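One structure below.
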Amino acid sequence: MADTRTRNGLAAFLDSFGTRVFRMIEDLGNIFVLLLQCVTWLFRPPSEIRNIVKQMEEIGINSMPVVMVTATFTGMVLALQSWSGFQRFQATSFVGSVVALSITRELGPVFAGLIVSGRVGASIAAELGTMKVTEQIDALVTLATNPVKYLVVPRVVASTLVLPVLVIFADLVGILGGYFVSVYLLGANPYVYTDKTYQYLEFRDIYTGLVKAAVFGFLIALISCYNGFIAEGGAEGVGRATTRAVVASSMTVLVSDYFMTSFMF
Amino acid sequence: MIGIRGLHKRFGEKIVLDGLDLDVPRGKNTVVIGGSGTGKSVLIKCVVGLLHADAGEILIDGEDVTKMNERELVRVRRKFGMLFQGSALFDSMNVGENVAFALRRLRLYPERQIRDVVEEKLAMVGLRDIQHLMPAELSGGMKKRVGLARAIASEPEILLYDEPTTGLDPIMADVINDLVISLRESLGVTSISITHDMASAYKIADQIAMLYKGKIIEAGTSEEIRNTRNAVVSQFVEGKAEGPITAEHEDFLRFVRRSGESGMQEGR
């Protein structure tokens, strides 16, 4: 008796595990199909330029304050922490370099990506999910409009273009935050600090960060649109789609960050 | 005009349409009746190409939509207007932008004329001076009428109504019935409505077809349906709890009663 029960337990586990794996593979396939549709519809008339501009405003300008605050405090805390470490071997003059490199190469794009995953990913998935469950997406189709072209293309394009811009601002205020803490709170020499910030910072550090940001923007919008499109079953379904979109896009930001970093190292 | 032959559609294990045949004559109102969950919505979504049929053919003016690729479907869909059950107005746009949506996408009119065209379409459904309102500010009946104005805006040849009177009070339901009739008379459109509201069906239909177990089991005029000899149809149109439709569900009903709450949750 006990034996059959454990076997059933194992079977049930394998069953649910297998289902999950299949679901994941199915999702990946569907996202890839959505990507292909996106690319084909991108170049067909009529142009969605007005829609793209509207989304750039929604995704970019409206995310600006929260990205700036995050970046400022990241730069500030980075200065504090590296100061405390470098002080132990009298290397505090390098704090400027550490802050600048960390922000531009890694923390600027990743934190902007995570914030946009939360803010924009949730809003895209909730909006498209609601449109799906209230048949507004079907209505688009009957009004001679392809939903991928009208809804997905503008969001993906806008997000891809706008994230690097957000990151440029995040880099700037992050470095300024570090400068502020080092110079005014910890008493670093402002000339030395500025000099060290520039000395080791290469153009390559900045542009790899911006490439990452564009890829994050693209992935976040694509994943969130997909999750909105597959929402079903009323308010609860929209909630689930939103959660999935935020979780999946934040994970994707971190995972793809590692691979891009190792590739562009 | 529209000919449906041997239409099959299944979702996983569940067979929804099982070899359905239906002819929809030009310029007439065809009403498809049937219980909840019998696949009425699936039927009209297959007709407009929102769902892909598994087998069978749907001929629109002699062209089979089930064999079409996306680009051809876009062309054929321009013949259609559809009123959705919950109206499906775009809630990020005001009433005027909703009604003008297809006009702008298809560039049917120059921008300066659009306002007037929209006002004209809204007048056809008995509304005026509401272009600036947002869908959230409208009552259910007004939403339906705006949805209808949006559906007729690009002057379709075929109108599909998904439960046009569901969720409305009896008076507003009758207003919608009158609109459906007057649109057929003034625009000469062919239409398919699906409903389980028999009062509405009798009033708007030139032809009524009953969908049961994935097939059309009877089709005829209102009078023929009212005096049907088919026990299934007569149970449905007279709205009786006892009869061949419910008899088959007795096992299910017993199961629900026995398992109580847990049975209800299974149904999700």
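Quick note, the sequences are listed as chains R and U, same order.
Here my numbering is used: the first residue of the first sequence is 12, the next is one more, and so on.
Here my numbering is used: the first residue of the second sequence is 9, the next is one more, and so on.
We put the CB at the ideal spot given by N, CA and C, even for glycine.
All of these numbers come straight from a predicted model, not from anything done at the bench.
query: Which residues of chain U have a Cβ atom closer than 8 Å to the Cβ of V131 of chain R, listed in chain order?
result: In chain order: nothing, as chain U lies at least about 16 Å away.
query: What's the C-alpha gap between A227 of chain U and A246 of chain R?
result: 38 Å
query: Can you name the residues of chain U whose CB is closer than 8 Å to the CB of E146 of chain R?
result: F92, Q93, G94 and A96
- request: Between the Cα of I148 of chain R and those of R:F54, R:G239 and R:T103, spot the shortest distance and give me the residue it belongs to.
  value: R:G239
Any chain R beta carbon closer than 8 Å to Q273 of chain U: Residue placement at Q273 of chain U is flagged as unreliable, the pLDDT there being 46, under the threshold of 50; a coordinate-derived value is accordingly withheld.
message: Judging by CA-CA distance, which residue of U:L191, U:Y210, U:S95 and U:R113 is the nearest neighbour of N62 of chain R?
response: U:R113
query: Pairing CB atoms from the stretch 170 to 187 of chain U with CB atoms from the stretch 121 to 130 of chain U, are three or more of them under 8 Å?
result: no
field: Partners in chain R for R86 of chain U, counting only beta-carbon separations shorter than 8 Å
entry: A155
query: Since V121 of chain R is in the alpha helix (DSSP H), which residue starts that stretch and which ends it?
result: G119 to V127
field: Distance CB(A266 of chain R)-CB(L221 of chain R) smaller than 8 Å
entry: In the sequence as displayed, the identity of residue 266 of chain R is Val instead of Ala. No. Outside cutoff.
- request: Return helix, strand or coil for F92 of chain U, following the three-state DSSP convention.
  value: coil
query: Cβ atoms of S201 of chain U and P172 of chain U: under 8 Å apart, would you say?
result: yes
- prompt: With DSSP run on the structure shown, which of helix, strand or coil describes V56 of chain U?
  reply: coil
query: Is the closest heavy atom of the ligand COA to the C-beta of G222 of chain U under 7 Å?
result: Looking at this structure, you won't find the ligand COA or any other ligand, since it has none at all.
- prompt: Between U:V241, U:T254 and U:A209, which lies nearest to T38 of chain U when the distance is taken from Cα to Cα?
  reply: U:A209
message: Using a 10 Å radius around the Cβ and a threshold of 16 neighbouring Cβ atoms, would you call S260 of chain R buried or exposed?
response: buried
message: Taking 8 Å as the threshold (beta carbon to beta carbon), is E269 of chain U in contact with chain R?
response: In this prediction, E269 of chain U scores a pLDDT of 49, lower than 50, which makes its location untrustworthy; no coordinate-derived value is stated.
Residues of the stretch 103 to 135 of chain U with Cβ closer than 7 Å to any Cβ of chain R, in chain order: F109, A110, R113 and L114
message: So for L212 of chain R, helix, strand or coil by DSSP?
response: coil
- request: Using the Cα positions of F293 of chain U and R153 of chain U, report the straight-line distance between them to the nearest angstrom.
  value: Since the first residue shown for chain U is 9 and the last is 276, residue 293 of chain U is missing from the structure and cannot be characterised.
query: Looking at the structure shown, is A131 of chain U part of a helix, part of a strand, or coil, going by DSSP?
result: helix
- prompt: Counting only beta-carbon atoms, is V55 of chain U nearer than 8 Å to chain R?
  reply: no
message: For D26 of chain R, would you say it is in contact with chain U, using Cβ-to-Cβ distances shorter than 8 Å as the test?
response: no
- prompt: From the DSSP output, which residues share a beta bridge with L25 of chain U?
  reply: U:K17
- prompt: Using a Cβ cut-off of 9 Å, which residues of the stretch 241 to 264 of chain R contact any Cβ in chain U, in chain order?
  reply: G244
task: Could you round the C-beta distance between N41 of chain R and Y237 of chain R to whole angstroms and report it? I think they count as a contact, below 8 Å.
output: 7 Å
query: Just checking my contact of S170 of chain R with I60 of chain R at CB under 8 Å: how many whole Å lie between their CB atoms?
result: Actually they do not touch by this definition, with Cβ atoms about 15 Å apart.
field: Backbone CA spacing between Q273 of chain U and I66 of chain U [nearest angstrom]
entry: Per-residue confidence for Q273 of chain U stands at a pLDDT of 46, beneath the threshold of 50, marking its modelled position as unreliable; the derived number appears in the next sentence. In a straight line, the C-alpha of Q273 of chain U is about 37 Å away from that of I66 of chain U.
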